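Just so you know, we're using my numbering here: the sequence shown kicks off at 5 and counts up by one.
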Amino acid sequence: MERGRNGRSAPTHAQRGGDANGLLEGQRARQRALCVAVAPDGEDLSELEELLRTAGVASVGELIQHRDAPHPNSYLGPGKVSEAKAAAAAADANLIACDDELSARQERNLEQALGLPVVDRTTVILDIFAAHANSAEGKLQVELAQLEYNLARMRGLWSHLERLGGGIGTRGPGETQIETDRRLARDRIATLRRRLDHVSGTRAVQRAERERAALPTIALVGYTNAGKSTLLNALTGSDVGVRDRLFHTLDPTTRTLRIAGRPTLLIDTVGFISKLPHQLVDAFGATLEETRRAELLVHVLDGSASLEQREVMERSVAETLEEIGAGALPRVLVLGKADLLDEHQRDELQLRHPDAMLVSGHTGEGLEDLLERLERELLHTLRPVHLLVPYADGGSLAELHEVAGEVSREDTPEGVRVDALVPAHLAQRFARFAIAS
Ligand SMILES: Nc1nc2c(ncn2[C@@H]2O[C@H](COP(=O)(O)OP(=O)(O)OP(=O)(O)O)[C@@H](O)[C@H]2O)c(=O)[nH]1
Ligand SMILES: [Mg+2]
5 MERGRNGRSA PTHAQRGGDA NGLLEGQRAR QRALCVAVAP DGEDLSELEE LLRTAGVASV
65 GELIQHRDAP HPNSYLGPGK VSEAKAAAAA ADANLIACDD ELSARQERNL EQALGLPVVD
125 RTTVILDIFA AHANSAEGKL QVELAQLEYN LARMRGLWSH LERLGGGIGT RGPGETQIET
185 DRRLARDRIA TLRRRLDHVS GTRAVQRAER ERAALPTIAL VGYTNAGKST LLNALTGSDV
245 GVRDRLFHTL DPTTRTLRIA GRPTLLIDTV GFISKLPHQL VDAFGATLEE TRRAELLVHV
305 LDGSASLEQR EVMERSVAET LEEIGAGALP RVLVLGKADL LDEHQRDELQ LRHPDAMLVS
365 GHTGEGLEDL LERLERELLH TLRPVHLLVP YADGGSLAEL HEVAGEVSRE DTPEGVRVDA
425 LVPAHLAQRF ARFAIAS
């Protein structure tokens with residue numbers, strides 16, 4: 005991997021050429037990372053290692069410093085830095101990966117002290133997003149997040165922008181390098197935001213919005229790799245991509261799901277993670293909007309994860325939902341991957357989450373019960389309407405039939421009297437036909 009002019013080094017996409025899911029057995033990884041973390045007490049580095057694996061980087065060692073907060077200048081304290089240097093040499097590491105977001109100063113000092121490139125958790129996550137983005141919108145969103153991250157740190161911009169056709173010649177008189185970088189980045193960010201607005205406004209999105217306006221929407225949310233896409237497939241008979249890697253799904257996918265005869269839309273979208281870079285939340289605003297506008301959330305939690313892992317996952321999901329403004333939406337907790345659990349684990353889960361549904365997207369276990377539960381929960385979100393629709397308004401009637409599934413109707417001389425249950429925003433649309441029940 006090339007080191008940028010700024011000395012910054014991150015896993016690149018090119019290296020993921022052959023086996024994007026990790027490293028082939030026996031093949032020596034080009035990037036071998038020593039994973040380091042600062043934590044008051046025990047810290048689990050398995051998630052950072054999982055992130056690195058997804059990014060195509062091997063983890064060759066761990067180092068944890070027990071302190072209340074990272075050292076402000078160098079992340080690790082001075083003594084630990086020497087230890088890290090020795091550990092990196094012993095493990096033949098050529099990269100240091102930190103489990104937190106570093107300030108530019110911490111990163112620079114640590115790089116200098118260790119003589120090795122340093123990447124932080126945010127950089128790794130952003131890089132994975134960059135590699136997994138497929139749609140035009142996804143790519144723009146990721147580039148925006150990366151630029152904003154770099155702008156905040158005033159580094160890593162120059163080589164990036166040169167490739168984009170900015171760079172030499174665009175520098176204004178008397179500007180320092182950093183001022184130029186920042187100006188270029190801001191220009192590019194503005195361009196990206198404009199393009200994103202445009203992309204979000206394309207016809208496809210508008211169509212999806214129309215559909216969503218008419219049908220109750222259920223959004224699958226949860227930690228990355230929890231099994232959201234697998235559950236979508238199992239419930240709707242779809243074939244959405246599923247992989248044992250983090251952030252496989254970035255673009256939202258919508259499928260129709262019939263619940264008790266009523267068509268609903270089931271949305272699968274980007275997963276969450278602890279310490280999710282806020283630039284990503286910001287850049288993925290349009291995508292996350294799908295979640296915010298749902299009638300009901302299905303929170304998929306990996307039932308096969310340990311209690312400690314589940315606590316981290318639950319907390320991250322709750323925090324992220326708050327952050328995107330979906331914290332108050334009704335929610336059903338689903339414990340997935342039930343096929344991996346023994347009796348003891350099942351009992352423990354049920355005891356801890358008495359209200360949760362135990363399901364397996366692989367064996368189909370619990371899916372019937374889940375559908376019944378969704379039906380009941382959706383009923384709470386629906387409004388009863390009592391309408392008199394004139395015969396001339398056949399279109400409205402057809403639409404009502406389409407969305408409401410079962411409706412009770414009676415033909416009268418003035419028109420059709422209809423009693424139905426519809427999503428709240430749809431009730432407004434039919435308000436002009438409303439009559440007393
Ligand atoms: N045994 C078992 N494995 C499952 C089940 N559901 C999902 N998995 C596995 O868990 C991994 C992640 O599944 P996905 O459905 O891609 O998870 P996701 O939540 O969509 O993940 P991202 O899109 O990456 O955030 C895959 O390897 C799946 O095969 C299940 O019910 N049982
Ligand atoms: Mg997925």
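Glycine residues also receive a C-beta, built at the ideal position from the N, C-alpha and C atoms.
This one's a predicted model, so the numbers in the text were calculated from it and none came from an experiment.
| query | Mind pulling the beta strand (DSSP E) runs of 3 or more residues that sit fully within the stretch 251 to 304? | reply | 257 to 263, 266 to 272
| Which parts of the stretch 331 to 391 are runs of the alpha helix (DSSP H), unbroken and 4 residues or longer, counting only runs that do not cross its ends? | 347 to 356, 371 to 385
| Measuring CA to CA, which of Gln-150, Ala-396, Pro-76, Thr-273 is closest to Arg-112? | Pro-76
| field | Boundaries (first-last residue) of the alpha helix (DSSP H) holding Ala-408 | value | 398 to 408
| said: For a minimum of 3 consecutive residues, which ranges assigned as the beta strand (DSSP E) are wholly contained in the stretch 93 to 138? | reply: 99 to 102, 122 to 124
| said: ligand 1 and Lys-341: does the residue's C-beta get closer than 8 Å to at least one heavy atom of that ligand? | reply: yes
| Cβ-based neighbour list, Ser-441, same chain, cut-off 8 Å, excluding 5 preceding and 5 following | Pro-388, His-390, Asp-423
| task | Return yes when the C-beta of Asp-272 is under 8 Å from any heavy atom of ligand 2, and no when it is not. | result | yes
| request: Answer yes or no: the CB of His-252 versus the heavy atoms of ligand 2, is any distance below 8 Å? | output: yes
| Terminal residues of the alpha helix (DSSP H) in which Leu-52 lies | 50 to 58
| said: Could you pull the DSSP bridge partners for Ser-443 from this structure? | reply: Nothing about residue 443 can be reported from this structure: the residues present for the chain run from 5 to 441 only.
| said: Does the distance between the C-beta of His-366 and the nearest non-hydrogen atom of ligand 1 fall short of 8 Å? | reply: yes
| query | Between Lys-232 and ligand 2, is the CB less than 8 Å from at least one heavy atom? | reply | yes
| Cα-Cα separation, Ala-95 to Glu-66 | 10 Å
| query | Measuring CB to CB, does Asn-138 end up less than 9 Å from Asp-272? | reply | no
| field | Collapsed DSSP secondary structure at Gln-69 in the structure displayed | value | strand
| Start and end residues, beta strand (DSSP E) containing Thr-221 | 221 to 226
| request: In the DSSP assignment, find the unbroken beta strand (DSSP E) run with Arg-36 in it and report its ends. | output: 36 to 43
| task | With a cut-off of 8 Å on the beta carbons, I'd call Leu-120 and Leu-106 a contact; round off their distance for me. | result | Not confirmed; about 14 Å, so no contact.
| said: Measuring only the C-alpha atoms, how far is Val-274 from Arg-377? | reply: 24 Å
| request: Spell out whether any CB of chain C is found under 9 Å from the CB atom of Arg-356. | output: Considering every chain present, this structure includes no chain C. It has just one protein chain.
| query | alpha helix (DSSP H) containing Ile-328: first to last residue? | reply | Ile-328 -> no alpha helix (DSSP H), and no H or E assigned at all.
| Are Ala-330 and Thr-385 closer than 9 Å when you measure CB to CB? | no
| query | Apart from the five residues on each side of it in sequence, which residues of its chain come closer than 8 Å, Cβ to Cβ, to Leu-280? | reply | Ile-129, Ser-320, Thr-324
| said: To the nearest angstrom, how far is the alpha carbon of Leu-27 from that of Asp-72? | reply: Unreliable placement is indicated for Leu-27, whose pLDDT of 43 sits below 50; the coordinate value is still reported in the next sentence. Answer to the nearest angstrom: the Cα atoms are 35 Å apart.
| Once you ignore the five residues that flank Glu-152 on each side, which residues in its own chain have a CB closer than 6 Å to its CB? | Gln-283
| task | Report the three-state DSSP secondary structure of Ser-63 (helix, strand or coil). | result | strand
| Of the listed residues Asp-48, Leu-55, Ala-43, Pro-44, nearest to Ala-37 (C-alpha basis) | Leu-55
| field | Cβ-based neighbour list, Glu-147, same chain, cut-off 7 Å, excluding 5 preceding and 5 following | value | Leu-196
| Nearest-angstrom beta carbon gap, Asp-306 and Gly-245 [assumed within contact, 8 Å] | About 18 Å separates the two Cβ atoms, so there is no contact after all.
| Spatial neighbours of Asp-243 in its chain, beta-carbon cut-off 7 Å, leaving aside the 5 residues before and after | Asn-237
| message | Can you confirm whether the stretch 335 to 355 touches the stretch 302 to 318 when touching is taken to mean that 3 or more C-beta pairs between the two stretches lie within less than 8 Å? | response | yes
| said: Quick check: does the Cβ of Gly-329 come within less than 8 Å of any heavy atom belonging to ligand 1? | reply: no
| request: Whole angstroms is fine: what's the gap from Ala-428's alpha carbon to Pro-44's? | output: 48 Å
| query | By a C-beta neighbour count over all protein chains shown, 10 Å radius and 16 as the cutoff for buried, is Ala-92 buried or exposed? | reply | buried
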